[in-house]
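These notes are about the structure you will find just below.
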């Protein structure tokens, strides 16, 4: 090891990257998304979920889902606040690939890069 | 333990970023010191250096004694300030020597005699081979886990499966090739001098002459591509005595002002005791790369990196002064293994 010569990094100023972005999703009888409505951009802190107080900053836009590619589920952190998510990778009209997930605890939908 | 694991265990942890320029300077100092043992020094990467030991046996004794000496020299270079746990290995060829060093402990070097070299290599994992990760993966998938597994195959089989890389791997595994240590290129010292028709005692004249000599030495063809690290100024005095000062630049430079400044200070603090009849400048030590052309060389890369970091620090400072807070951030790993995407990386304020 050599002597440290740089300014210490403040770990209390961490801000999460790739936080979930709330969207409104309509589903069909098989629980597959049919339309996705953008609910706007939000700025969040690490571990904080978006709330209803968060105002969308961009106009809402609805896209229909052309195809559902893959579905998987994540169950984690059962020892504190359980996280249960159902991820769905879809192709929107126009060909854009989007990954959505449904928070199975609250029923809310989000968009997030996997 | 990764950084993110450490933060998880200790949230109040203070993190320090690496300082590659400092490592580079320390490594360069170590190389200079090792040259007192052998003139054939080959740095392969930061922290790894091969030393040619041909002929050292008659000077220093058996391999164990040579390694002791190298450890002592490295320890001396530490100057008691920093802990550099070095691992030393001795074997014929760079590959075998490197594998031996990886098997050594900080205070226990590994010596592999030539008659044991093939058996020693055969026991090693294929992970020691300097091949691509894809070839490593394919070797594992084929069930080839140790070098002895490879030596049981014919060379043609490895070549047909992995091409030139497979052939090289087979040759290394069987010990049929011995890659010699290639000493690094070091330019000869550059000397320039001037005779004063009338002995000069005025410091302004001496400083002017010094600047001209440095200019002349910097334009020497042998200096191109190298930065000056160590230089000496000699003066012959009218009385027959002499004056000399040697400077080791912390940051090797090809800039006239950077070179002249420390000598000017010494001229003021400890001037020659009489009038000077001959003044000479000698560039003795060099570091690869120049301030003007920072391409290809490792030293030049680190210098460029340091320059970029300096510019970034200045910009960050100006932004913070103007907006009262840092608007620059950098990405750190938090839990890169996490299945929850937002837990993997985070932004943190950039505060140089």
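Residue numbers (our numbering), protein chains in the order written: chain A, 761 to 874; chain B, 16 to 367.
Even for Gly, the Cβ is constructed at its ideal location relative to N, Cα and C.
Under a Cβ-count criterion, where at least 16 other Cβ atoms within 10 Å of its own Cβ denotes burial, should residue i be classed as buried or exposed?
| i | result |
| --- | --- |
| residue 308 of chain B | For residue 308 of chain B, the pLDDT reaches just 42, beneath the cut-off of 50, and the residue's location in the model is therefore unreliable, leaving the point undetermined. |
| residue 866 of chain A | exposed |
| residue 220 of chain B | exposed |
| residue 56 of chain B | buried |
| residue 789 of chain A | exposed |
| residue 368 of chain B | Residue numbering for chain B in the displayed model covers 16 to 367; residue 368 of chain B lies beyond these limits and cannot be assessed. |
| residue 873 of chain A | exposed |
| residue 357 of chain B | buried |
| residue 244 of chain B | buried |
| residue 842 of chain A | exposed |
| residue 250 of chain B | buried |
| residue 780 of chain A | buried |
| residue 813 of chain A | Note that residue 813 of chain A scores a pLDDT of 47, beneath 50, so its modelled location is shaky; the value from the coordinates is reported in the next line. Residue 813 of chain A comes out exposed. |
| residue 803 of chain A | With a pLDDT of 39 at residue 803 of chain A, under the threshold of 50, the modelled position of this residue cannot be trusted; read the value that follows with caution. Exposed. |
| residue 300 of chain B | buried |
| residue 850 of chain A | buried |
Tell me the rounded alpha-carbon separation between residue i and residue j.
| i | j | result |
| --- | --- | --- |
| residue 364 of chain B | residue 302 of chain B | 35 Å |
| residue 148 of chain B | residue 158 of chain B | 15 Å |
| residue 837 of chain A | residue 783 of chain A | 24 Å |
| residue 115 of chain B | residue 198 of chain B | 20 Å |
| residue 107 of chain B | residue 366 of chain B | 48 Å |
| residue 276 of chain B | residue 324 of chain B | 24 Å |
| residue 117 of chain B | residue 103 of chain B | 8 Å |
| residue 174 of chain B | residue 354 of chain B | 40 Å |
| residue 369 of chain B | residue 64 of chain B | Limits of chain B in this structure are 16 at one end and 367 at the other, which puts residue 369 of chain B out of reach. |
| residue 858 of chain A | residue 777 of chain A | 17 Å |
| residue 257 of chain B | residue 278 of chain B | 16 Å |
| residue 213 of chain B | residue 248 of chain B | 19 Å |
| residue 775 of chain A | residue 59 of chain B | 39 Å |
| residue 246 of chain B | residue 298 of chain B | 4 Å |
| residue 226 of chain B | residue 50 of chain B | 31 Å |
| residue 140 of chain B | residue 340 of chain B | 52 Å |
| residue 76 of chain B | residue 196 of chain B | 20 Å |
| residue 862 of chain A | residue 833 of chain A | 9 Å |
| residue 287 of chain B | residue 263 of chain B | 20 Å |
| residue 269 of chain B | residue 105 of chain B | 37 Å |
| residue 368 of chain B | residue 362 of chain B | Residue numbering for chain B in the displayed model covers 16 to 367; residue 368 of chain B lies beyond these limits and cannot be assessed. |
| residue 326 of chain B | residue 333 of chain B | 11 Å |
Could you give the first and the last residue of the continuous alpha helix (DSSP H) run that contains residue i?
| i | result |
| --- | --- |
| residue 244 of chain B | Where residue 244 of chain B is concerned, there is no enclosing alpha helix (DSSP H), although the beta strand (DSSP E) it sits in stretches over 241–252. |
| residue 258 of chain B | Element bounds for residue 258 of chain B: not the alpha helix (DSSP H) but the beta strand (DSSP E), 257–268. |
| residue 19 of chain B | 18–24 |
| residue 277 of chain B | 271–284 |
| residue 362 of chain B | Here residue 362 of chain B belongs to no alpha helix (DSSP H); instead the beta strand (DSSP E) covers 360–364. |
| residue 226 of chain B | 218–233 |
| residue 117 of chain B | 109–118 |
Please report the residue range of the beta strand (DSSP E) in which residue i lies.
| i | result |
| --- | --- |
| residue 355 of chain B | No beta strand (DSSP E) holds residue 355 of chain B; DSSP gives it neither H nor E. |
| residue 797 of chain A | 793–798 |
| residue 838 of chain A | That residue, residue 838 of chain A, is in no beta strand (DSSP E); it is neither H nor E in DSSP. |
| residue 302 of chain B | 291–303 |
| residue 348 of chain B | 344–348 |
| residue 781 of chain A | 781–787 |
| residue 193 of chain B | That residue, residue 193 of chain B, is in no beta strand (DSSP E); it is neither H nor E in DSSP. |
| residue 208 of chain B | 205–215 |
| residue 853 of chain A | Element bounds for residue 853 of chain A: n/a, residue is neither H nor E. |
| residue 862 of chain A | 857–863 |
| residue 871 of chain A | 869–871 |
As a quick exercise: from the options, pick the residue whose alpha carbon is nearest that of residue i.
| i | options | result |
| --- | --- | --- |
| residue 126 of chain B | B:355, B:273, B:324, B:80 | B:80 |
| residue 715 of chain A | A:776, A:846, A:853 | The question about residue 715 of chain A has no answer here: the residues shown for chain A are numbered 761 through 874. |
| residue 100 of chain B | B:75, B:45, B:184, B:109 | B:45 |
| residue 211 of chain B | B:355, B:290, B:152 | B:290 |
| residue 208 of chain B | B:228, B:177, B:59, B:215 | B:228 |
| residue 281 of chain B | B:293, B:222, B:105 | B:222 |
| residue 119 of chain B | B:74, B:86, B:91, B:241 | B:86 |
| residue 182 of chain B | B:150, B:90, B:217 | B:150 |
| residue 296 of chain B | B:260, B:218, B:206 | B:206 |
| residue 90 of chain B | B:179, B:246, B:69, B:121 | B:121 |
| residue 266 of chain B | B:203, B:43, B:327, B:66 | B:43 |
| residue 230 of chain B | B:217, B:274, B:253 | B:274 |
| residue 835 of chain A | A:787, A:848, A:864, A:868 | A:864 |
| residue 347 of chain B | B:195, B:360, B:240 | B:360 |
| residue 845 of chain A | A:851, A:793, A:868, A:787 | A:868 |
| residue 194 of chain B | B:162, B:112, B:237 | B:112 |
| residue 255 of chain B | B:27, B:343, B:293 | B:293 |
| residue 142 of chain B | B:167, B:110, B:78 | B:110 |
| residue 241 of chain B | B:134, B:84, B:204, B:160 | B:204 |
| residue 272 of chain B | B:285, B:345, B:18, B:233 | B:233 |
| residue 342 of chain B | B:330, B:351, B:171, B:155 | B:330 |
Strictly below 9 Å CB to CB, what residues from chain D border residue i?
| i | result |
| --- | --- |
| residue 355 of chain B | Absence of chain D from the displayed structure is noted, the protein chains being A and B. |
Worksheet item: Mind pulling the alpha helix (DSSP H) runs of 4 or more residues that sit fully within the segment 37–94 of chain B?
Response: Those alpha helix (DSSP H) runs which fall completely within the segment 37–94 of chain B and span 4+ residues are 71–75, 78–93.
Worksheet item: Where are the alpha helix (DSSP H) runs, 4 residues long or more, that stay fully inside the segment 120–179 of chain B, in chain order?
Response: Along the length of the segment 120–179 of chain B, whole alpha helix (DSSP H) runs at least 4 residues long occupy 132–137, 148–156, 162–166, reported in chain order.
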